[in-house]
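> In full-length UniProt numbering, the protein residues as written are 1 to 304.
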């Protein structure tokens, strides 16, 4: 940027009005000598303060060890000194100094543009990194939930297999309880011991969330809800007989042959039951007259 003499004198009149009794012109040897000496001292100080390209590269390495506030303050001080020298060079009309400072300003402007571009690039990378982090966190959370669900399923399956293998023992205790006829005191003591063991076993099963399938008086349910479907079990009750009943409606369980068990929401085995077929047809009234020739036929009993 070139400065004309008219601009020079205009700036000089604005910033440094001449003494009324002693005026220095641009051609005065005193002015040139003082200005040259002043510019040299300022430029020497500026060379040590204003960063060049190499200085900025070295400063970039040192910024890792310095604080952000200290670096900003040092950069601001350098720019302030550069602007001060630039103003004095314009007032003095020193074209060489002005050209040097403008070259420095151009370098700083280019470096500023590079830094702005770097900031934009880093901002884009940070945004992309945040999105990747959010997706990764969501994937990890889904993996954690899926792993926990699989762990619980494996545990439930293993527990169910063990308990299912112990169910025949329950059947044996139940049959023994029904079939034994205790006649002596010794037999009663032995039975009491076995029943104590059986009660402990039942308590353990109850603590493991094992429950008995409800049967007598409940509607026959050959299917189970959807939560049982994965167990390859399709019924709570397994009907092995049907019988007419005056007490229970059709489709109601009237007798249990073998207990069914649940482990939480899992069906271990269905209950074997007899199902009511309803009241059936009404029986014909029995004849009151007795026949001397065929007494059995008169009583309504088929001899065959």
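Virtual Cβ for every residue (Gly too), placed ideally from N, Cα, C.
1. Does the Cβ-Cβ distance between residue 247 and residue 274 come in under 7 angstroms?
2. Apply the 10 Å Cβ neighbour rule to residue 219 and answer buried if 16 or more other Cβ atoms are within range, or exposed otherwise.
3. DSSP three-state call for residue 237: helix, strand or coil?
4. If you draw a straight line from the C-alpha of residue 245 to the C-alpha of residue 239, how long is it?
5. So, with DSSP's three-state summary, where would you put residue 141?
6. Ordered along the chain, which non-local residues of its own chain (more than five positions away) have a Cβ less than 6 angstroms from that of residue 254?
7. Mind reading off the beta-carbon distance from residue 250 to residue 278? Whole number of angstroms is fine, and I expect it under 8 angstroms.
8. Pull the bridge partners of residue 211 from the DSSP assignment, please.
9. Does the distance from the C-beta atom of residue 89 to that of residue 98 stay below 7 angstroms?
10. Is it the case that the Cβ atoms of residue 259 and residue 271 are separated by a distance below 7 angstroms?
11. For residue 196, which of 177, 267, 143, 100 has the nearest alpha-carbon?
12. With 16 as the cutoff for other CB atoms within 10 Å, does residue 143 come out buried or exposed?
13. DSSP puts residue 269 in a beta bridge; with which residues?
14. Determine the burial state of residue 190: buried for a count of at least 16 other Cβ atoms within 10 Å of its Cβ, exposed for fewer.
15. What whole-angstrom Cβ distance do residue 263 and residue 210 have, given they're in contact under 8 angstroms?
16. Using 8 angstroms for Cβ pairs, my map puts residue 212 next to residue 173. What's the rounded Cβ distance?
17. In three-state DSSP terms, what is residue 276?
18. Does DSSP classify residue 88 as helix, strand or coil?
19. In or out: residue 170 buried (at least 16 other Cβ within 10 Å) or exposed?
20. Measure from the C-beta of residue 236 to each C-beta in chain D and report whether the shortest distance is under 7 angstroms.
21. Comparing C-alpha positions only, which one of 121, 123, 156, 113 sits nearest to residue 267?
22. On the DSSP bridge list, what partners appear for residue 183?
23. Can you round the beta-carbon distance between residue 269 and residue 180 to whole angstroms, since I take them to be within the 8 angstroms contact cut?
24. Which value, in whole angstroms, describes the spacing of the CA atoms of residue 116 and residue 77?
25. Are the Cβ atoms of residue 208 and residue 221 separated by less than 7 angstroms?
The answer reads as follows:
1. Taking the chain shown and counting its residues from 1, one reaches residue 247 at position 247. Taking the chain shown and counting its residues from 1, one reaches residue 274 at position 274. Cβ atoms of residue 247 and residue 274: not closer than 7 angstroms.
2. Position 219 of the chain shown holds residue 219. Under this definition residue 219 is an exposed residue.
3. Looking up residue 237 in the chain shown gives position 237. Here residue 237 sits in strand by DSSP.
4. Reading the chain shown from its first residue, position 245 is the one you call residue 245. Reading the chain shown from its first residue, position 239 is the one you call residue 239. The straight-line gap from Cα to Cα measures roughly 15 angstroms.
5. Start at 1 with the first residue of the chain shown, and residue 141 comes out as number 141. Correct three-state label for residue 141: helix.
6. If you number the chain shown from 1, residue 254 lands on position 254. Excluding residues within five positions, the ones whose Cβ falls inside 6 angstroms are 245, 248, 274, 276.
7. Locating residue 250 in the chain shown gives position 250, counting from the first residue. Locating residue 278 in the chain shown gives position 278, counting from the first residue. With a Cβ gap of about 4 angstroms, residue 250 and residue 278 count as contacting.
8. Against the chain shown, residue 211 aligns to sequence position 211. Residue 211 pairs with 262.
9. Numbered from 1 along the chain shown, position 89 holds the residue referred to as residue 89. Numbered from 1 along the chain shown, position 98 holds the residue referred to as residue 98. Yes; because the gap between Cβ atoms is below 7 angstroms, this pair is in contact.
10. On the chain shown, residue 259 is found 259 positions in, with the first residue counted as 1. On the chain shown, residue 271 is found 271 positions in, with the first residue counted as 1. Yes; because the gap between Cβ atoms is below 7 angstroms, this pair is in contact.
11. Counting from 1 along the chain shown, the entry for residue 196 is found at position 196. Residue 177 is the option with its Cα nearest to residue 196.
12. Indexing the chain shown from 1 puts residue 143 at position 143. Answer is exposed; the Cβ neighbour count stays below 16.
13. Here residue 269 refers to the residue found at position 269 when the chain shown is read from its first residue. Looking at the DSSP assignment, residue 269 forms a beta bridge with 261.
14. Along the chain shown, one-based indexing puts residue 190 at 190. That one is exposed.
15. On the chain shown, position 263 is the one that residue 263 refers to. On the chain shown, position 210 is the one that residue 210 refers to. Between residue 210 and residue 263 the Cβ distance is about 6 angstroms, and since that is below 8 angstroms, they are a contact.
16. Here residue 212 corresponds to residue number 212 of the chain shown, with the count starting at 1. Here residue 173 corresponds to residue number 173 of the chain shown, with the count starting at 1. Incorrect: roughly 14 angstroms between the Cβ atoms, too far for contact.
17. Locating residue 276 in the chain shown gives position 276, where the first residue counts as 1. Here residue 276 sits in strand by DSSP.
18. Along the chain shown, one-based indexing puts residue 88 at 88. If DSSP states are grouped into helix, strand and coil, residue 88 belongs with the helices.
19. Position 170 of the chain shown, counted from the first residue, corresponds to residue 170. Buried, since its Cβ has 16 or more Cβ neighbours within 10 Å.
20. Checking the listed chains, one finds no chain D in this structure; it contains a single protein chain.
21. If you number the chain shown from 1, residue 267 lands on position 267. Minimum Cα distance to residue 267 is reached at 156.
22. The sequence position of residue 183 within the chain shown is 183, counting from 1. BP columns for residue 183 are empty, so no partner.
23. Within the chain shown, the letter at position 269 stands for residue 269. Within the chain shown, the letter at position 180 stands for residue 180. Residue 269 to residue 180, Cβ: 25 angstroms. No contact.
24. Here residue 116 corresponds to residue number 116 of the chain shown, with the count starting at 1. Here residue 77 corresponds to residue number 77 of the chain shown, with the count starting at 1. Whole-angstrom Cα-Cα distance: 21 angstroms.
25. Mapped onto the chain shown, residue 208 falls at position 208. Mapped onto the chain shown, residue 221 falls at position 221. No, the pair does not count as a contact, with Cβ atoms beyond the cut-off.
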